[in-house]
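Residue numbers (mature numbering (1 follows the signal peptide of the UniProt record, and there is no 0)): -26 to -1, 1 to 111.
Ideal Cβ positions, reconstructed from N, Cα and C, are used throughout, including at glycine.
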């Protein structure tokens, strides 16, 4: 009988400790380093100036935004989401041939410059001029 009382008391103490630790653990995650959180969250794609979009349809705001997003998703191996986003890219009448060229540029740049950690800058540069970025080696 004393074992049963001891087990019940231990279970009650453990339950109360878990309840009290829950909010504290959640709060400690929120108080983390904001710079570390910013590194994990994907940044929004950059949009080129309006005058650049007139010369190349891939540089129109809606094409650049969705296209850069698709390239970033492919880089992070999120193929399903990239496929879903490509529906919007096609719906806006954006040139489909620009996507593989820009993605190839990002891959080539990562091989030639492995120390460059800023994926968004790499994707933006490759989106703006994919042919010239791959030839910079």
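Across the set 36, 67, 105, 64, the C-alpha of 105 shows the shortest separation from the C-alpha of residue 83. A direct Cα-Cα distance of roughly 16 Å separates residue 33 from residue 79. A distance below 7 Å between beta-carbons, with the five flanking residues on each side excluded, links residue 48 to the following residues of its chain, in chain order: 56, 77.
Distances from the CA of residue 81 to each of 46, 29, 64, 40 were compared; the closest alpha carbon is that of 46. For residue 36, the three-state secondary structure derived from DSSP is helix. Secondary structure of residue 100 (DSSP, three-state): helix. Between the C-alpha atoms of residue 29 and residue 102 there is a straight-line separation of about 12 Å. Assigned with DSSP and collapsed to three states, residue 79 falls in helix.
Spatial neighbours of residue 93 in its own chain (CB-CB distance under 7 Å, excluding positions within 5 residues in sequence) are listed in chain order as 46, 49. Distance from the CA of residue 64 to the CA of residue 58, rounded to the nearest whole angstrom, comes to 11 Å.
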